[in-house]
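Chains as they are written, first to last, in our numbering: chain X, 130 to 221; chain U, 130 to 221. C-beta atoms are modelled at their ideal positions from N, C-alpha and C, and glycine is treated no differently. Just so we're clear, the structure is a prediction, and the values are computed from it rather than from any experiment.
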DNA sequence: TTGACATGCAACTAATTGGTTGCTTATACT
DNA sequence: AGTATAAGCAACCAATTAGTTGCATGTCAA
């Protein structure tokens with residue numbers, strides 16, 4: 130309901146989390162390590178793996194990221210469904 | 130540029146600010162007092178005028194609300210332009 | 001011009017949050 | 001079995017922030 134919206138908007142409020150969505154929307158099925166490496170290298174981000182893991186927890190909670198265990202790895206999937214019609218009520 | 134986006138997303142992250150946008154998108158040219166009264170009454174919000182004023186400053190900073198002085202009053206106007214295409218890069 | 005009303009500003013507080021460090025668990029590979 | 005790699009968990013810290021209270025400014029109307 131409306132709390133879903135709140136969780137989504139709050140998830141989008143952080144620039145690092147938006148970068149994560151950018152990366153995942155460009156290339157799905159990244160692992161946590163791959164994602165961290167990409168963020169650090171492509172965007173000169175200095176941030177730890179644990180910090181990224183926390184951001185991912187927030188994004189998963191909002192339904193914007195799903196993940197599957199694949200052996201040793203956890204693989205990340207972007208899900209844009211919650212974003213559709215999110216701003217609808219304000220745009221005509 | 131990208132900082133604009135950040136300011137906009139952060140502005141949208143607060144539920145009270147989203148309620149303010151709801152009210153203003155429904156009825157433009159409210160004054161601060163009218164807006165406060167509406168929020169308190171329609172949504173059972175217990176919040177002071179000053180708190181609303183702070184939220185409005187954030188929304189104005191993001192370009193989502195404009196205001197004009199009209200004599201004794203300040204009149205508030207909703208502006209949805211910054212919201213258009215905000216999520217575009219993630220939705221196909 | 002004086003009082004009432006609408007708004008503006010500043011200092012303070014409590015809660016939230018993004019980040020770190022350190023340790024543990026789980027899986028793969030030789 | 002033993003080591004290296006990927007991830008999970010928990011406690012702590014610093015900065016941000018939503019909210020409050022108190023006071024100042026500006027405008028209208030009698």
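Amino acids of chain X, ordered along the chain, whose beta-carbon sits closer than 9 angstroms to that of residue 209 of chain U: 216, 219, 220 and 221
When X:221, X:183 and X:165 are compared against residue 175 of chain X, the one with the closest alpha-carbon: X:165
Can you give me the start and stop residues for the beta strand (DSSP E) that residue 195 of chain X sits inside? 194 to 199
Taking only three categories from DSSP, how would you classify residue 161 of chain X? helix
Just the C-alpha distance for residue 205 of chain U and residue 155 of chain X, rounded to the nearest angstrom, thanks. 39 angstroms
Note down, in chain order, every chain X residue with its Cβ under 8 angstroms from the Cβ of residue 154 of chain U. 218 and 219
Excluding the five sequence neighbours on either side, which residues of its own chain have a C-beta within less than 7 angstroms of the C-beta of residue 202 of chain U, listed in chain order? Closer than 7 angstroms at Cβ, skipping near neighbours: 160.
To which residues of the same chain is residue 186 of chain U closer than 7 angstroms at the C-beta, ignoring the five residues directly before and after it? none
Where the segment 165 to 198 of chain U meets chain X: residues whose CB sits under 8 angstroms from a CB there: none
Counting pairs of Cβ atoms below 8 angstroms between the segment 178 to 185 of chain U and the segment 204 to 221 of chain X, do you hit three or more? Flag = no, the segment 178 to 185 of chain U and the segment 204 to 221 of chain X do not touch.
For residue 131 of chain X, would you say it is in contact with chain U, using Cβ-to-Cβ distances shorter than 9 angstroms as the test? yes
Partners in chain X for residue 201 of chain U, counting only beta-carbon separations shorter than 9 angstroms: Within chain X, no residue comes near residue 201 of chain U; the closest Cβ sits about 29 angstroms away, beyond 9 angstroms.
Which residue from U:158, U:167, U:140 and U:163 puts its Cα closest to that of residue 197 of chain U? Taking each of U:158, U:167, U:140 and U:163 in turn and checking the Cα distance to residue 197 of chain U, the smallest one comes out for U:158.
Taking 9 angstroms as the threshold (beta carbon to beta carbon), is residue 212 of chain X in contact with chain U? yes
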